[in-house]
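Chemist: Take a look at this one; I'll ask things after.
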Amino acid sequence: MLKRIFTLFLVALQGIPATCEIDRRKVVQSFNPRRSASSKTTPLQVGNGNFAFGADVTGLQTFSPFATMSTWGWHNFSLPTTGGQTSIEDFTGMDWYTHGQLVNYDIPNPAQSEISDWLIQNPQRINLGIIGLWFDRDDVTEEVLEDKSQTLDLWAGKISSSFTYNKTPVQVETWADTSSDTVGIAIESELFSADSLGLFFDFPFPTRNKYEAPFVGVFNATDNHTTTLQRGQNTATIRHDIDDTSYYVSITWYSAAEISGPIEGTHRYVLRPSQETKRIELSVTFSPAASIDTPSFSDVTSASTAWWESFWNSGAFIDLTGVESPNATELQRRTILSQYLTAVNSASSYPPQESGLVNNGWYGKFHLEMILWHLLPFARWNQFPLLWRSVPNVYSQYLDSSIERAKLQHYYGARWGKMTDPTGRSAPGEINSLLIWQQPHPMYFAEVEYRSFPNETTLKSWDKILTSTAEFMASYPYFNESTALCDLGPPMYPVSENTNPNATINPAFELAYWRFGLDIAIKWKQRQNQTAPRKWVDIRDNLPALPTADDAFAVYEGIPNMWSGTTVQDHPALSAIFGLLPPPSSGPPLNMTVVKNTADKIRDLWDLEDCWGWDFPMLAMNSLRLGDVNQAIAYLLHPLFEFDDAGYPVGGSRVPTPYFPGSSSFLLAMAMMAGGWDSEPGTHFPEGWKVQVEGFVAGL
Ligand SMILES: *[C@@H]1O[C@H](CO)[C@@H](O)[C@H](O)[C@H]1NC(C)=O
Ligand SMILES: *[C@@H]1O[C@H](CO)[C@@H](O)[C@H](O)[C@H]1NC(C)=O
Ligand SMILES: *[C@@H]1O[C@H](CO)[C@@H](O)[C@H](O)[C@H]1NC(C)=O
Ligand SMILES: *[C@@H]1O[C@H](CO)[C@@H](O)[C@H](O)[C@H]1NC(C)=O
Ligand SMILES: *[C@@H]1O[C@H](CO)[C@@H](O)[C@H](O)[C@H]1NC(C)=O
Ligand SMILES: *[C@@H]1O[C@H](CO)[C@@H](O)[C@H](O)[C@H]1NC(C)=O
Ligand SMILES: *[C@@H]1O[C@H](CO)[C@@H](O)[C@H](O)[C@H]1NC(C)=O
Ligand SMILES: *[C@@H]1O[C@H](CO)[C@@H](O)[C@H](O)[C@H]1NC(C)=O
Ligand SMILES: *[C@@H]1O[C@H](CO)[C@@H](O)[C@H](O)[C@H]1NC(C)=O
């Protein structure tokens, strides 16, 4: 009881910045990334979750055209004009047998490849433009510059870069605004007096490539798009038109300078400061609207300084700097850099794509099954305002189209889509339309939020979403006459996406997650003094037992050759049954012998070479709950789970770099180590580690 009162007391304090015992600033700044050359794969970034600017070693996009990306910048190529497929309504999908009935799925029809491809590739996220240093000679490369040095100050959101050219020093500061799509730039150099330094602005054209890394867009399709310059007093606006997409770049500077362009055959504009200039400050705002209030350079620097200081001083924190172990130092480095990078790339008004605002993966679209990994850490690290930028509103926004999707397939409730863009449309695909593990995510988010905010606002804000989600989850299972149980699938894809969808029935993780989701939905109604629909309870109570093979969980019921061949490839979601989910609060308890056997078999038999990103933290979370912190750390530091010098999660053999689910799932595992979980709250670090933690609550 005392503990309960204490917990309630702590809960009441949530939202108020934690009193910091830890010298957070010292810990954070000791991991400031430093570079003396551009990385071949990643920029250093400034940004605010909805907008980010990726810089090379000059602090701008001079030699490596890293991207400037946003939540709102998207483009459609024109619709196909042939094959009778000239509108998106012409897409028919495919009818697949689903328990004897034909059900229509958004699976590409081979006879309609043009419209299917269009729907997959459009809209794609665009690189809004690049800003670089202009030199008086065309043959200046990064190698020509000397004494290159660059630091990203994580505490202020500022990149400081310096180098010499023609023996003359140049200093560049790069900042991003916190509430607009603005870069603030300051450049200091004597080179202006020799007329040999300026800035350029250039604009790429989008491509139809699924992945675009490290750079986004092409600069040599100049005839396919247009730019127009409008000059003002110490300002200029460049309008960029790509088919139906148009937006504006407003540039404001605070000393004498002239802008001209575009240079023949390009969309490149050049801003040249006058010869008296020693320092030029400018702010560059990207926006879909023509005239907007543009913050000044000093507005940007003060907003950034204040926002980042408050970000670092609020929420939870882990200090491992008292541990004398290179493992602890590496975990700390990954933690701090992941905190920075997820705030820059993932705290957006729509869920983030896997590569954030760095480059494009899956055309810049986001995946609704991945948003739990991306966004749950904001809740677990007590940074709720960053979570609330997209959750739960994105579910409200997509509710109608998800109800429509379910209805067309003869289900009740809302069936959430998969690979999505801001319109809420789910891109066609066999896996895209048959995956189901995104469905219970709202329950997970809601329950974690309720833990910190157990009030009616929370109950109300999720009620409609949870109700529609549960209605689908209760209507999706198929009553099996011979077993009198409610089967999941077929056809369906489990988390691992590598089984025959027509044979996949009762996958272990999905069954566990279905039970979890329905349990929460029922509890949610009870908390509101309502009775949950009988159907939810019936379905939950008649879910089949989790399938096993060789005394361990099986990917799905009856899977042939479990524990060899391709079944031990791809995401080892069997580890999430106990790693990500809490023990079931209804039905039979988990058989812990099976849970333990599963963990051992995955460790010994799974093709970990084929794993990537969140697989390793998911395995680590399972190890933690099983009481094996050393194994958890071994997964988190697995040689195939790499983070580069600036903390970007390396994609590995399967996907380009960065792959941000690696960062966010890493933060989830660290939150579990720092805050524990219901049956074992508190820290779970290796014995003898002197660790300080602040602001965590136990996980589910
Ligand atoms: C792309 O086209 C779709 C379908 O017409 C439309 O819903 C969406 O708003 C368009 N997006 C952009 C960025 O033009
Ligand atoms: C699954 O069944 C559908 C028909 O319902 C068929 O079109 C499809 O090819 C089958 N897929 C596999 C992998 O067997
Ligand atoms: C543009 O550059 C790409 C990559 O270098 C090249 O493949 C393509 O042919 C070029 N296109 C034009 C129109 O020059
Ligand atoms: C540019 O437009 C032309 C003509 O429509 C087209 O053939 C070409 O593929 C386009 N270039 C790119 C890079 O999309
Ligand atoms: C209730 O919870 C919401 C989050 O859902 C939070 O913003 C609000 O401050 C809480 N209200 C009270 C009175 O605690
Ligand atoms: C019913 O369950 C049994 C045992 O799991 C299974 O073999 C059978 O295929 C199921 N029936 C249908 C129609 O899915
Ligand atoms: C549910 O009922 C209890 C007891 O009557 C009451 O204290 C509580 O405020 C009610 N909750 C809601 C959400 O109506
Ligand atoms: C748990 O699983 C093990 C291994 O399959 C089995 O031997 C044991 O009987 C199970 N325990 C229960 C209570 O079902
Ligand atoms: C560091 O972690 C690796 C991988 O888990 C482990 O093999 C090694 O023993 C650890 N080193 C120390 C000093 O704890």
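Those letters in the sequence shown? Residues -20 to -1, 1 to 680, by mature numbering (1 follows the signal peptide of the UniProt record, and there is no 0). Just so it is clear, CB atoms sit at the ideal spot from N, CA and C, and this is done for glycine as well. Note that this is a predicted model, so its numbers are computed, not measured.
#1: Looking at the unbroken alpha helix (DSSP H) that takes in D595, where does it start and where does it end?
#2: Out of K258, K138, G567, N610, which has the shortest C-alpha to C-alpha gap to G178?
#3: Listed in chain order, which residues are found with a beta carbon closer than 5 Å to a heavy atom of ligand 4?
#4: Under DSSP, the beta strand (DSSP E) around A492 begins and ends at which residues?
#5: In whole angstroms, what is the alpha-carbon distance linking D556 and P563?
#6: Nearest to D531 by alpha carbon, out of E660, P569, V575?
#7: Using the C-alpha atoms, what's the distance from V303 back to S10?
#8: Is the beta carbon of A32 closer than 9 Å to that of G631?
#9: At the level of alpha carbons, what is the spacing between S160 and S276?
#10: Can you list, in chain order, the residues of its chain whose CB lies under 8 Å from that of N146, leaving out five sequence neighbours each side?
#11: In the DSSP assignment, find the unbroken beta strand (DSSP E) run with Y145 in it and report its ends.
#12: Entirely within the stretch 450 to 488 and at least 3 residues each: give me those beta strand (DSSP E) ranges in chain order.
#13: For ligand 5, is there a heavy atom less than 8 Å away from the beta-carbon of E429?
#14: Taking Cβ to Cβ, would you say G27 is nearer than 9 Å to A166?
#15: Should T573 be counted as a contact of ligand 8 given a C-beta to heavy atom distance under 8 Å?
#16: So within the stretch 507 to 556, which uninterrupted alpha helix (DSSP H) runs reach at least 4 residues, ignoring any that extend past its ends?
#17: So, using beta-carbon positions, are P638 and G336 closer together than 9 Å?
#18: Label M542 either buried or exposed according to how many other C-beta atoms from any shown protein chain fall within 10 Å of its C-beta, with 16 as the threshold for buried.
#19: In angstroms with no decimal places, state the Cα-to-Cα distance between G627 and K138.
#20: Could you pull out every residue in the same chain whose Cβ sits closer than 7 Å to the Cβ of V14, ignoring the five residues on either side in sequence?
#21: Name the residue from A654, P636, G668 whose alpha carbon lies nearest to the alpha carbon of Y343.
#22: Would you decide whether Y77 is buried or exposed? Buried here means 16 or more other CB atoms lie within 10 Å of its CB.
#23: Quick one: is the Cβ of L521 within less than 8 Å of any heavy atom of ligand 8?
#24: Under a criterion of Cβ closer than 6 Å to any non-hydrogen atom of ligand 9, which residues qualify, in chain order?
#25: Tell whether a beta-carbon distance below 9 Å holds between T121 and F43.
#26: Are any of the Cβ atoms in chain B nearer than 9 Å to that of G341?
#27: Is it right to say P365 is buried, meaning 16 or more other beta carbons lie within 10 angstroms of its own, or is it exposed?
#28: Given that a residue counts as buried once 16 or more other Cβ atoms are within 10 Å of its Cβ, and exposed if not, what is I95?
#29: Within 8 Å, do at least three Cβ pairs link the stretch 608 to 627 to the stretch 312 to 319?
#30: Which residues in the same chain as R105 place their Cβ atom closer than 6 Å to its Cβ, once the five residues preceding and following it in sequence are excluded?
#31: Which value, in whole angstroms, describes the spacing of the CA atoms of A359 and T438?
#32: Classify I(-5) as buried or exposed, calling it buried when 16 or more other Cβ atoms lie within 10 Å of its own Cβ.
#33: Anyone know if the C-beta pair for S462 and A394 falls short of 9 Å?
#34: In terms of residues, what are the limits of the beta strand (DSSP E) holding P149?
#35: Quick check on W52: does DSSP put it in helix, strand or coil?
#36: For a test of the three-state rule: what should DSSP assign to residue 713, helix, strand or coil?
Modeler: Walking through what the data contain:
#1: One-based indexing of the sequence shown puts residue 595 at position 615. Membership of D595 in the alpha helix (DSSP H) is indicated by the continuous run 595 to 605.
#2: Translated into the one-based positions of the sequence shown, residue 178 becomes position 198. That would be K258, whose Cα lies nearest to the Cα of G178.
#3: A201, N204
#4: Locating residue 492 in the sequence shown gives position 512, where the first residue counts as 1. For A492, there is no enclosing beta strand (DSSP E); the residue is part of the alpha helix (DSSP H) that begins and ends at 488 to 507.
#5: Mapped onto the sequence shown, residue 556 falls at position 576. Mapped onto the sequence shown, residue 563 falls at position 583. Correcting the residue type first, residue 556 is Ala in the shown sequence and not Asp. CA-CA distance, A556 to P563, rounds to 11 Å.
#6: Counted from its first residue, the sequence shown places residue 531 at position 551. When each option's Cα is compared against that of D531, the closest is V575.
#7: Residue mapping note: residue 10 aligns to position 30 of the sequence shown, counting from 1. Residue mapping note: residue 303 aligns to position 323 of the sequence shown, counting from 1. Distance between the alpha carbons of S10 and V303: 15 Å.
#8: By one-based count along the sequence shown, residue 631 stands at place 651. By one-based count along the sequence shown, residue 32 stands at place 52. Note that the C-beta distance between G631 and A32 is not below 9 Å.
#9: The sequence position of residue 160 within the sequence shown is 180, counting from 1. The sequence position of residue 276 within the sequence shown is 296, counting from 1. S160 and S276: Cα-Cα distance of roughly 11 Å.
#10: Counted from its first residue, the sequence shown places residue 146 at position 166. Excluding residues within five positions, the ones whose Cβ falls inside 8 Å are L171, A174, S176.
#11: The residue given as residue 145 occupies position 165 in the sequence shown. Run containing Y145: 138 to 145, per the beta strand (DSSP E) assignment.
#12: 458 to 460, 465 to 467
#13: Counting from 1 along the sequence shown, the entry for residue 429 is found at position 449. E429 Cβ: within cutoff of ligand 5.
#14: Against the sequence shown, residue 27 aligns to sequence position 47. Against the sequence shown, residue 166 aligns to sequence position 186. No. Outside cutoff.
#15: For this step, residue 573 is matched to residue 593 along the sequence shown. Yes; taking the cut-off as 8 Å, the Cβ of T573 has a heavy atom of ligand 8 nearer than that.
#16: As far as the stretch 507 to 556 is concerned, its whole alpha helix (DSSP H) runs of at least 4 residues are 514 to 521.
#17: Against the sequence shown, residue 638 aligns to sequence position 658. Against the sequence shown, residue 336 aligns to sequence position 356. Going by C-beta atoms, P638 is nearer than 9 Å to G336.
#18: Position 562 of the sequence shown holds residue 542. Under this definition M542 is a buried residue.
#19: Translated into positions along the sequence shown, residue 627 becomes position 647. Translated into positions along the sequence shown, residue 138 becomes position 158. Answer to the nearest angstrom: the Cα atoms are 16 Å apart.
#20: As a first step, residue 14 must be located in the sequence shown, where it is residue number 34. The question names Val, but residue 14 in the sequence shown is Arg. Apart from the 5 residues on each side of it in sequence, R14 sits with its Cβ closer than 7 Å to the Cβ of Q130, T131 in its chain, given in chain order.
#21: As a working mapping, residue 343 is identified with position 363 in the sequence shown. If we check each option's Cα against that of Y343, P636 comes out closest.
#22: Position 97 of the sequence shown holds residue 77. So Y77 counts as exposed.
#23: Taking the first residue of the sequence shown as 1, we reach residue 521 at position 541. The amino acid at residue 521 is misidentified as Leu; the sequence shows Asp. Incorrect: D521 has no Cβ contact closer than 8 Å to ligand 8.
#24: S305, N307, I613, A614, L617
#25: Reading the sequence shown from its first residue, position 141 is the one you call residue 121. Reading the sequence shown from its first residue, position 63 is the one you call residue 43. Taking 9 Å as the Cβ cut-off, T121 and F43 qualify as a contacting pair.
#26: Of the protein chains in the structure, only one exists, and it is not chain B.
#27: In the sequence shown, residue 365 corresponds to position 385, counting from 1. Classification for P365: exposed.
#28: Translated into positions along the sequence shown, residue 95 becomes position 115. Buried, because 16 or more other Cβ atoms sit within 10 Å of the Cβ of I95.
#29: yes
#30: One-based indexing of the sequence shown puts residue 105 at position 125. In the same chain as R105, and ignoring 5 residues on each side of it, the C-beta atoms closer than 6 Å to its own belong to W54, N340, G344, in chain order.
#31: Stepping through the sequence shown from its first residue, residue 359 is reached at position 379. Stepping through the sequence shown from its first residue, residue 438 is reached at position 458. Taking the straight line from one Cα to the other gives about 13 Å.
#32: The count along the sequence shown starts at 1 and reaches residue -5 at position 16. For I(-5), the predicted model reports a pLDDT of 41, less than 50, meaning its position is unreliable; a value from the coordinates is still stated below. It is exposed - the Cβ of I(-5) has fewer than 16 other Cβ atoms within 10 Å.
#33: If you number the sequence shown from 1, residue 462 lands on position 482. If you number the sequence shown from 1, residue 394 lands on position 414. No.
#34: In the sequence shown, counting from the first residue as 1, residue 149 sits at position 169. It spans 148 to 156 - the beta strand (DSSP E) in which P149 sits, taken as one unbroken run.
#35: Locating residue 52 in the sequence shown gives position 72, counting from the first residue. Coil, per DSSP.
#36: For the chain, the structure presents residues -20 to 680; residue 713 sits outside this window and is missing.
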